[in-house]
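Report on the structure given below.
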Amino acid sequence: ALCVLPAAGLVAPARSSAPATAVRAAGTDYAKTLYGVGPETGYWDPLALADIGSEATVDFFRAAEVKHGRVAMMASLGYIHHLAGIQLPGYLSVTKGIKFADLGAMSPGEAWGKVPADGVAQIFGACAAVEIYSMTHDSKGDFKGGEYWFKGGLSADLGFDPLGFGNSDPKAVETYKTRELKNGRLAMIAIAGFVAADVVPGSVPMLA
Numbered sequence: 002a003l004c005v006l007p008a009a010g011l012v013a014p015a016r017s018s019a020p021a022t023a024v025r026a027a028g029t030d031y032a033k034t035l036y037g038v039g040p041e042t043g044y045w046d047p048l049a050l051a052d053i054g055s056e057a058t059v060d061f062f063r064a065a066e067v068k069h070g071r072v073a074m075m076a077s078l079g080y081i082h083h084l085a086g087i088q089l090p091g092y093l094s095v096t097k098g099i100k101f102a103d104l105g106a107m108s109p110g111e112a113w114g115k116v117p118a119d120g121v122a123q124i125f126g127a128c129a130a131v132e133i134y135s136m137t138h139d140s141k142g143d144f145k146g147g148e149y150w151f152k153g154g155l156s157a158d159l160g161f162d163p164l165g166f167g168n169s170d171p172k173a174v175e176t177y178k179t180r181e182l183k184n185g186r187l188a189m190i191a192i193a194g195f196v197a198a199d200v201v202p203g204s205v206p207m208l209a
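When we follow my numbering, the leftmost residue of the sequence shown carries the number 2, and every step to the right adds one.
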């Protein structure tokens with residue numbers, strides 16, 4: 002999971018080590034201005050990801066982190082529902098004769114393995130459609146071209162805000178974003194733990 006996403010410019014080679022150090026430090030400085038740096042860990046970037054590109058690279062990392070966090074939160078919720086015995090009625094695949102109840106009798110990992118290939122393709126196809134849209138359109142839905150995301154255009158903001166949180170006071174909006182980011186980070190760790198416990202029995206004592 003990526004925590005803290007900064008970066009310093011992809012620039013021409015510096016003439017001496019001093020300018021290079023200054024450029025790399027600038028990435029860290031930019032990273033520290035982003036929301037998500039909290040009292041739990043402070044500024045935490047052990048792999049120095051802030052120093053491998055430009056500010057646009059940092060923004061790309063942040064968008065990727067938020068998106069992975071959202072997926073992890075949904076995945077964790079799905080795991081919990083599955084283990085709680087909550088399934089949809091009817092068939093997952095009529096042609097293959099697979100019922101949701103059949104998958105409910107298995108572990109989450111086994112159930113995923115039973116999803117037909119065409120069903121998996123539909124899932125990844127839907128994800129790809131959203132990703133392609135986000136890489137080529139701005140938050141207002143205007144098409145910006147295939148290279149938009151290379152130019153710093155990639156954003157976690159898909160313009161989907163049915164409850165209108167984005168219309169709140171700017172300080173409240175940042176609070177909401179910070180909560181989403183931190184919950185996403187926790188969910189990434191959680192889903193990794195769920196999968197590990199499922200695939201390697203006893204690997205996570207609390208879930209054994």
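For glycine and all other residues, C-beta sits at the position ideal for the given N, C-alpha and C.
Close beta carbons around residue i, own chain, < 8 Å, minus the five adjacent residues each side
i    : result
A191 : A73 and S77
K97  : P117
Through-space distance from residue j to residue i, alpha-carbon basis
i    : j    : result
V131 : P202 : 35 Å
H82  : G146 : 39 Å
T211 : A209 : The shown model of the chain, from 2 to 209, leaves out residue 211, and the question about it has no answer.
F101 : G126 : 21 Å
K141 : E111 : 41 Å
Burial state of residue i, where buried means 16 or more other Cβ atoms lie within 10 Å
i    : result
G70  : buried
K152 : exposed
L164 : exposed
A51  : buried
G39  : exposed
A85  : exposed
R186 : buried
Beta-carbon contacts of residue i that lie in its chain and below 6 Å, excluding the five residues immediately before and after
i    : result
V205 : G194, A197 and A198
K183 : none
Y177 : F166
DSSP-derived helix/strand/coil call for residue i
i    : result
I190 : helix
Y44  : coil
R25  : Residue confidence for R25 is low, a pLDDT of 48 falling below 50, so the modelled location carries little weight; the figure read from the coordinates is stated next. If DSSP states are grouped into helix, strand and coil, R25 belongs with the helices.
L93  : strand
Cut-off 7 Å between Cβ atoms - residues of its own chain near residue i, not counting five sequence neighbours on either side
i    : result
N168 : none
Check: residue i C-beta below 7 Å from any heavy atom of the ligand FAD
i   : result
V38 : Only the bare structure without any ligand can be found here, which leaves the ligand FAD out of the picture.
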